[in-house]
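**Q** In the numbering used here, the protein residues as written are 324 to 496.
Note that beta-carbon positions come from the ideal geometry of N, C-alpha and C, so glycine has one too.
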Amino acid sequence: MPVQRDVLRPGGRPSPLGYVMAALRFALGWTFLWAFLDKTFGLGYATPAENAWIEGGSPTTGFLSNVDGPFEGFFTNMAGQGWADWLFMLGLLGIGMALILGIGMRVAAVTGAALLAMMYMAALPLTNNPFMDTYLIEILLLVALALAGAGRVVGLGGWWEKLPFVKKNRWLV
324 MPVQRDVLRP
334 GGRPSPLGYV
344 MAALRFALGW
354 TFLWAFLDKT
364 FGLGYATPAE
374 NAWIEGGSPT
384 TGFLSNVDGP
394 FEGFFTNMAG
404 QGWADWLFML
414 GLLGIGMALI
424 LGIGMRVAAV
434 TGAALLAMMY
444 MAALPLTNNP
454 FMDTYLIEIL
464 LLVALALAGA
474 GRVVGLGGWW
484 EKLPFVKKNR
494 WLV
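Take a look at the structure:
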């Protein structure tokens with residue numbers, strides 16, 4: 324049996340690989356969207372209700388104020404800043420929704436990789452591995468999903484790519 328390397332078979336039907344990539348896209352998208360929801364409403368997982376964004380809590384304070392590494396000064400100065408909170412939360416929401424819907428995969432990959440790279444830098448030095456971390460794995464996954472066109476399978480990517488403004492601006496694919 325030949326190895327399937329495309330998310331779509333000839334004729335446009337999803338391949339088994341396409342379904343796996345769609346599942347990975349949903350899973351990663353949900354991690355971004357869940358972080359947004361939990362930090363916004365304080366659902367009691369990573370964020371207690373009293374620290375919810377809608378209650379006046381800062382979604383960046385907890386993580387960024389505890390940075391202890393080579394980029395400590397850079398990140399601790401951002402902790403709790405309104406602009407940092409808004410950018411972080413809009414990033415979580417936008418990346419999560421783009422991945423779940425399968426639209427704007429290139430933008431989601433670039434912005435998601437930038438966000439994850441900053442989180443990786445904030446986590447340095449790593450405690451359980453000399454250099455590899457889940458942030459780097461998620462960056463690679465974002466790139467793979469975008470390059471594979473994973474938004475076309477069980478997503479709105481195929482429809483999105485046909486929109487006139489997306490055809491004129493291929494970076495929006």
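For P337, list the residues DSSP reports as bridge partners.
**A** Note: P337 sits in a beta bridge opposite L331.
**Q** Look up M420 in the DSSP assignment and say whether it is helix, strand or coil.
**A** Helix, per DSSP.
**Q** If I'm right that G419 touches L495 with Cβ under 8 Å, what's the distance once you round it to whole angstroms?
**A** Actually they do not touch by this definition, with Cβ atoms about 17 Å apart.
**Q** Got a sec, what are the start and stop residues for the alpha helix (DSSP H) M441 sits in?
**A** First-last of the alpha helix (DSSP H) with M441: 428-446.
**Q** Given this structure, state the Cα-to-Cα distance separating G435 from A467, to the nearest angstrom.
**A** Their backbone Cα atoms lie some 12 Å apart in a straight line.
**Q** What is the DSSP secondary structure of F394, counted as helix, strand or coil?
**A** Coil at F394, not helix or strand.
**Q** Measure the Cβ-Cβ separation of A402 and L387 and say whether it is below 7 Å.
**A** Cβ atoms of A402 and L387: closer than 7 Å.
**Q** Are the Cβ atoms of D408 and P448 separated by less than 7 Å?
**A** Taking 7 Å as the Cβ cut-off, D408 and P448 do not qualify as a contacting pair.
**Q** Given this structure, state the Cα-to-Cα distance separating G365 from M412, to the nearest angstrom.
**A** Their Cα atoms are separated by approximately 13 Å.
**Q** The alpha helix (DSSP H) spanning Y458 covers which residue range?
**A** Unbroken alpha helix (DSSP H) run through Y458: 457-471.
**Q** Have a look at M441, W483, L470 and flag the residue whose alpha-carbon is nearest the alpha-carbon of R341.
**A** Per the sequence shown, residue 341 should be read as Gly rather than Arg. Nearest of M441, W483, L470 to G341, Cα basis: L470.
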